[in-house]
Amino acid sequence: MAFLWIVLTFVGQVAVICKGDVVYHQTMSPFWLESHASYIDSQRTTTNEQITFNKGSARHALLLKVPMLLPGVVTSNSRLTVKITVANDVTIGTTEESDNRYGVSDGTNFIGFHVPDKASYVNRPPCYGVEGPSGSGLFGLNYINRASTKAQDSFYPGQVEFTIKLDERWGSCYTAHDAGYTNVAKFNRRLVISNGLSLEVYKDEANERVGIKYIEVIIVQDG
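Under mature numbering (1 follows the signal peptide of the UniProt record, and there is no 0), the residues of the sequence shown are numbered -20 to -1, 1 to 203, in order.
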């Protein structure tokens, strides 16, 4: 039986990762994000319950960035799957402008998913793919499957799940609508994962508010 081994070096220590191993797992609470994000938008309030990003002055603004895998930790041909679970403030998503985007970046490109507020369900699905150049704002973006089938249910979900298979440039988002709604994205941009991986969160318009209760990220080395 053939096994794939990846050797990681951390401050003089060597860790060996094989297929099926979890290479990153973190539950990001509001105050954990305050302590560990390499960037976090200043227009925010933070409590034990959630971090709330308030109205600002910039469109498509980067709200937060969290380094997960440092450059050189994995090789460019590693087969990684990223699983992201986000718990959002239902009241904000139901009653206010609150379009947000969650995904991963190699420092150059971003791939992930757009989660619109409840008002957008009139003509949009509850989640769909998005990609573009990573930066202080997500400009030059491309939507994927935004015209996909809408959900029959119209409530704003408290939790959304994303799966991104990096080597295949494939992803899927899941909500609880219609006893389980999924939308698939085939990304055009490919991340160079040997350059490192970060979680990035953006909002849409300047007047959007976003409430995040927690984010959980798991990165697995595929078999």
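Where a beta carbon is used, it is the ideal one built from N, C-alpha and C, also for glycine.
Predicted model, so just to flag it, every value in this text is computed and none were measured.
- Setting aside the 5 residues that flank it on each side, residue 61 is surrounded in the same chain by 143, 144, 145, 146, 199, 200, 202, each with a C-beta closer than 8 Å to its C-beta; the list follows chain order.
- Boundaries around residue 70 are those of the alpha helix (DSSP H), 70 to 75, since no beta strand (DSSP E) includes it.
- In this model, residue 19 and residue 70 are separated by some 25 Å (Cα to Cα).
- Across the structure, residue 67 and residue 91 are spaced so that their CA atoms are roughly 19 Å apart.
- Check the Cα spacing between residue 56 and each of 86, 31, 154: the tightest is with 86.
- Shown here for residue 169: same chain residues with a beta carbon closer than 6 Å to its own, the five before and five after excluded, namely 89, 91, 111 in chain order.
- Spanning the alpha carbons of residue 38 and residue 14 requires a straight line of approximately 21 Å.
- Within the same chain, Cβ atoms closer than 6 Å to the Cβ of residue 72 are found at 78, 189, 191, the five residues on either side in sequence being excluded.
- Judged by DSSP secondary structure, residue 113 falls within the beta strand (DSSP E) whose first and last residues are 108 to 113.
- By the neighbour-count criterion, in which 16 or more other beta carbons inside 10 Å mark a residue as buried, residue 148 falls on the exposed side.
- Secondary structure remark: continuous alpha helix (DSSP H) runs of at least 4 residues inside the region 1 to 35, in chain order: 10 to 16.
- Counting along the chain, the unbroken beta strand (DSSP E) around residue 142 starts and ends at 139 to 145.
- By the CB criterion at 7 Å, residue 163 and residue 128 fall inside the cutoff.
- Just so you know, the alpha carbons of residue 167 and residue 29 end up roughly 33 Å apart.
- At least 7 Å separates the beta-carbon of residue 195 from that of residue 48.
- For residue 152, the secondary structure class from DSSP, reduced to helix, strand or coil, is strand.
- Collapsing the DSSP output to three states places residue 40 in coil.
- In this structure, the straight-line span from the alpha carbon of residue 98 to that of residue 21 is close to 24 Å.
- Only buried fits residue 131, as 16 or more other CB atoms lie within 10 angstroms of its CB.
- If you ignore the 5 residues before and after residue 193, its C-beta comes within less than 6 Å of the C-beta of 30, 67, all in its own chain and listed in chain order.
- For residue 50, the number of other beta carbons within 10 angstroms of its own is below 16, and it is reported as exposed.
- Contact check for residue 165 and residue 93: beta-carbon distance about 7 Å, within the 8 Å limit, so the pair qualifies.
- In the three-state DSSP reduction, residue 163 falls in the strand class (E or B).
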